[in-house]
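Asks:
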Amino acid sequence: MKLILTGEQEKMEFNDEAVILHAEQFTVTTLNETGLFCWELLSQGKTIDEIRQQLLAVYDAPPEVIERDLEVFFRDMQQKGLVGNESQ
32 MKLILTGEQE KMEFNDEAVI LHAEQFTVTT LNETGLFCWE LLSQGKTIDE
82 IRQQLLAVYD APPEVIERDL EVFFRDMQQK GLVGNESQ
């Protein structure tokens, strides 16, 4: 599946973290280092599978943990209106 960034957003980085300001929803979402890593890959047009492969290569965590965390992360981003399916 391929997700894309949606709406008017602005990213502000602080050290290894970021804040995403969603102008249309009037929301602020904070991202930790791993969330920022995923966000950057998504903004480069990477698919969820490509992001998963990058996480497996960079982080020393079991594949099932990475899979679960990635699913939770993108579900949360979709619920906040920050990402959507490319086909929408």
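Whatever position you read off the sequence shown (first residue = 1), add 31 for the numbering used here. Positions of the beta carbon are idealized from the N, C-alpha and C atoms, including for glycine.
Beta-carbon separation of E55 and G38 under 7 Å?
Replies: Yes, these two residues count as a Cβ contact at 7 Å.
Asks: Give me the Cα-Cα distance between T78 and E117, rounded to the nearest whole angstrom.
Replies: Looking at the two C-alpha atoms, the distance is approximately 10 Å.
Asks: Name the two residues that bound the continuous beta strand (DSSP E) containing F57.
Replies: Element bounds for F57: n/a, residue is neither H nor E.
Asks: DSSP beta-bridge partners for A49?
Replies: Bridge partners of A49: E44 and L62.
Asks: Taking L86 as part of the beta strand (DSSP E), name the residues at either end of that continuous run.
Replies: Taken as a continuous stretch (DSSP letters only), L86 belongs to no beta strand (DSSP E), being part of the alpha helix (DSSP H) at I79 to V89.
Asks: Does the beta-carbon of F104 have 16 or more other beta-carbons within 10 angstroms, so that it is buried, or is it exposed?
Replies: Flag for F104 reads buried.
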